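Participant: Just passing along the structure, written as structure tokens.
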Amino acid sequence: MFTLHLPTLNACLNFTAGILLFFGWLAIRNKKSALHKKFMVAALTASFLFLVSYLTYHLTTVGVTRYHGQGAMRDIYFFILLTHTPLAVIIVPFSLRAVYFAMRGDFARHVRV
17 MFTLHLPTLN ACLNFTAGIL LFFGWLAIRN KKSALHKKFM VAALTASFLF LVSYLTYHLT
77 TVGVTRYHGQ GAMRDIYFFI LLTHTPLAVI IVPFSLRAVY FAMRGDFARH VRV
């Protein structure tokens, strides 16, 4: 079943989005706004594909994925999970707002987001 490969695809898409964001940041720091825009659009696309793949995997996979680690690793895992999950949800409207301002040419507000 194709869903078995989705976790690997998710990791690759997430990594790709992170790299594209980094290069987009470098581009704007070097005053290359056209290149920055290309990197940001590519990062947004990779993030969107990640979200589709992630939701497909979690909505079509039967059962709940459980962590079976013990001790300190279990605590670290749950700390990361409990902080990452709400932050991942909260970042979406901020990202969309930044894209909205950039598309309107309102770069003063785009930068503040």
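Numbering (our numbering), first residue to last: 17 to 129.
Just so you know, even glycine gets a beta-carbon here, dropped at the ideal spot from N, CA and C.
Note that this is a predicted model, so its numbers are computed, not measured.
Classify G34 as helix, strand or coil using the three-state DSSP reduction.
Facilitator: Helix.
Participant: Hey, out of G34, R82, N46, whose CA is closest to A59's CA?
Facilitator: That would be G34, whose Cα lies nearest to the Cα of A59.
Participant: Got a sec? Which residues, its chain only, sit under 7 Å from F55 by beta carbon, not counting five neighbours each side?
Facilitator: Once the five neighbours on either side are set aside, the close Cβ partners of F55 are L36, F39, G40, A43.
Participant: How long is the line joining the alpha carbons of V80 and S111, rounded to whole angstroms?
Facilitator: Cα to Cα, the separation comes out at about 29 Å.
Participant: Is it true that the region 85-100 meets the region 61-77, where meeting means three or more beta-carbon pairs spaced less than 8 Å apart?
Facilitator: No, the region 85-100 is not in contact with the region 61-77.
Participant: Taking the alpha-carbon positions, what's the T99 to I106 distance?
Facilitator: Whole-angstrom Cα-Cα distance: 11 Å.
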